[in-house]
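These notes are about the structure you will find just below.
In this note's numbering, the protein residues as written are 22 to 160.
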């Protein structure tokens, strides 16, 4: 019933990190076409590395600051705020500017890191004790 829907909706947040990593692999060629220069292949490799690393850096800080964010705002409000952060990060990746795009990846990664912390915590706190262990595996 309600608990199943709640757990499903909250657990979707953890998919964001895998999507952030896998989604960039698809976009690499399209973004690389905008790069010009004599050493285009080297530039593309460096830029791809920077952009992918930006996501991981954001995720690291999101996971590190997940505890204070959850304590300050509460679990549910923190998840809602995390969704807003995710939208800002994803939206900024539509801008055809390397620096804004990379900053968007950091913000997107930050939300993915927050989700990585908040989702298991929220599921364990909202599920009944007898189902807590089973539902903890969802996240």
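Glycine residues also receive a C-beta, built at the ideal position from the N, C-alpha and C atoms.
Which residues mark the beginning and the end of the alpha helix (DSSP H) in which residue 104 is found? 96 to 113
Would you mind reading off the limits of the alpha helix (DSSP H) that contains residue 138? 119 to 147
Are residue 90 and residue 80 close, meaning C-beta to C-beta below 8 Å? no
Span of the alpha helix (DSSP H) around residue 86: Neither: residue 86 is in no alpha helix (DSSP H) and is coded neither H nor E.
Under three-state DSSP, which class holds residue 116? coil
I'd like the list of long-range same chain contacts for residue 116, defined as Cβ closer than 7 Å, with 5 residues on each side in sequence excluded. 122
Can you tell me the Cβ-Cβ gap for residue 137 and residue 28, rounded? I've got them flagged as a contact below 8 Å. With a Cβ gap of about 16 Å, residue 137 and residue 28 do not count as contacting.
So, using beta-carbon positions, are residue 109 and residue 128 closer together than 8 Å? yes
Determine, using beta carbons only, whether residue 131 and residue 106 come nearer to each other than 8 Å. yes
Between the Cα of residue 118 and those of 72, 154, 22, spot the shortest distance and give me the residue it belongs to. 72
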